[in-house]
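K.L.:
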Amino acid sequence: MKKIRILLVEDLPSDAELVRHEILKEIKDCTFRLVDTREAFLSSIEEFRPDVIISDYMLPRFDGRTALILSLEHVPDTPFIMLTGSMNENTAVQCMKAGAWDYVIKEHVKRLGPVVSAVLEERKVRIERKKAREALIMSERKYYALFYNNKSIMILTDPETGRIVDANQSALEIYGYGW
0 MKKIRILLVE
10 DLPSDAELVR
20 HEILKEIKDC
30 TFRLVDTREA
40 FLSSIEEFRP
50 DVIISDYMLP
60 RFDGRTALIL
70 SLEHVPDTPF
80 IMLTGSMNEN
90 TAVQCMKAGA
100 WDYVIKEHVK
110 RLGPVVSAVL
120 EERKVRIERK
130 KAREALIMSE
140 RKYYALFYNN
150 KSIMILTDPE
160 TGRIVDANQS
170 ALEIYGYGW
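Per numbering that gives the first Met the number 0, the sequence shown starts with residue 0, numbered consecutively.
Take a look at the structure:
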């Protein structure tokens with residue numbers, strides 16, 4: 000099993016250590032990278048390739064909203080958790096609407112480990128859905144090519160009514176029909 004890479008956007012070392020401590024209670028095999036500037040954040044997304052991003056909402060030189068926007072632009076499938084001590088319910092709702100996967104108020108930092116586990120599981124589900132959608136699209140393209148480009152006569156009928164639902168070009172030409 001690979002280590003879970005967690006990018007932490009935080010300016011206070013004591014808060015970063017608390018975050019590490021709470022996550023390691025839930026997920027043992029983690030590696031963390033701490034950043035507090037836009038430049039460090041962008042380079043870490045590229046180099047570190049995090050599995051989860053956790054960002055403080057307010058930083059002196061950077062802010063969580065900007066980190067969220069950048070993560071959606073660069074790594075939209077990476078779970079983003081907003082962490083703050085100054086978040087009210089309205090701000091939390093705004094962050095969720097803006098694309099954060101979840102949020103944790105620092106007073107309830109004990110929630111962080113389970114939240115990280117939950118977003119990682121949700122990420123797996125989203126990836127599986129995306130793969131299933133892509134497989135469906137490929138299957139539809141193959142069907143389309145097989146049906147419409149086939150030189151044999153192909154007619155698709157509704158089994159209940161017997162009505163012709165679709166026909167390929169060869170069928171139209173042989174029977175003298177057009178759509």
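We put the beta carbon where it would ideally sit given N, CA and C, even for glycine.
1) Do you know offhand how far residue 114's Cα is from residue 101's?
2) Could you have a look at residue 82 and say whether DSSP puts it in helix, strand or coil?
3) According to DSSP, is residue 30 part of a helix, a strand, or is it coil?
4) Just list the residues that DSSP pairs residue 54 with in beta bridges.
5) How would you label residue 7, buried or exposed, when you count the other beta carbons within 10 angstroms and need 16 or more for buried?
6) Compare the C-alpha of residue 82 against each of 17, 133 and 47 and name the closest.
7) Looking only at its chain, what residues have a beta carbon closer than 6 Å to the beta carbon of residue 26, apart from the 5 residues adjacent to it on each side?
8) Would you kindly check if the distance between the Cβ of residue 23 and the Cβ of residue 112 is under 9 Å?
9) In whole angstroms, what is the alpha-carbon distance linking residue 12 and residue 36?
10) Could you tell me if residue 66 is buried or exposed, where buried requires 16 or more neighbouring beta carbons within 10 angstroms of its beta carbon?
11) Indicate the three-state DSSP secondary structure (helix, strand or coil) for residue 103 in the structure shown.
12) Tell me whether the beta-carbon of residue 76 lies closer than 9 Å to the beta-carbon of residue 126.
13) Could you have a look at residue 76 and say whether DSSP puts it in helix, strand or coil?
14) Compute the Euclidean distance between the alpha carbons of residue 148 and residue 54, then round it to the nearest angstrom.
15) For residue 156, which of helix, strand or coil comes out of DSSP?
16) Closer than 8 Å by C-beta to residue 64: which residues in its own chain qualify, once you throw out the five before and the five after it? Chain order, please.
17) Quick check on the DSSP output: the alpha helix (DSSP H) that includes residue 118 runs from which residue to which?
P.N.:
This is what the structure gives:
1) When rounded, the separation of the alpha-carbon atoms in residue 114 and residue 101 is 7 Å.
2) Correct three-state label for residue 82: strand.
3) In this structure, residue 30 counts as strand in the three-state DSSP scheme.
4) In the DSSP assignment, residue 54 is bridged to 8 and 81.
5) Burial of residue 7 is indicated by the presence of at least 16 other C-beta atoms within 10 angstroms of its C-beta.
6) From the listed residues 17, 133 and 47, the smallest Cα separation to residue 82 is found for 17.
7) Here the set comprises 3.
8) With contacts defined as CB atoms closer than 9 Å, residue 112 and residue 23 qualify as a contacting pair.
9) Their Cα atoms are separated by approximately 14 Å.
10) In summary, residue 66 is buried, with 16 or more beta-carbon neighbours lying within 10 Å of its beta-carbon over all protein chains present.
11) Reduced to three states, the DSSP call for residue 103 is strand.
12) Judged by their CB atoms, residue 76 and residue 126 are nearer to each other than the 9 Å cut-off.
13) In the structure shown, residue 76 adopts coil according to DSSP, grouped into three states.
14) If you take the alpha carbons of residue 148 and residue 54, they lie about 52 Å apart.
15) Strand at residue 156.
16) Here the set comprises 56, 94 and 97.
17) It spans 111-147 - the alpha helix (DSSP H) in which residue 118 sits, taken as one unbroken run.
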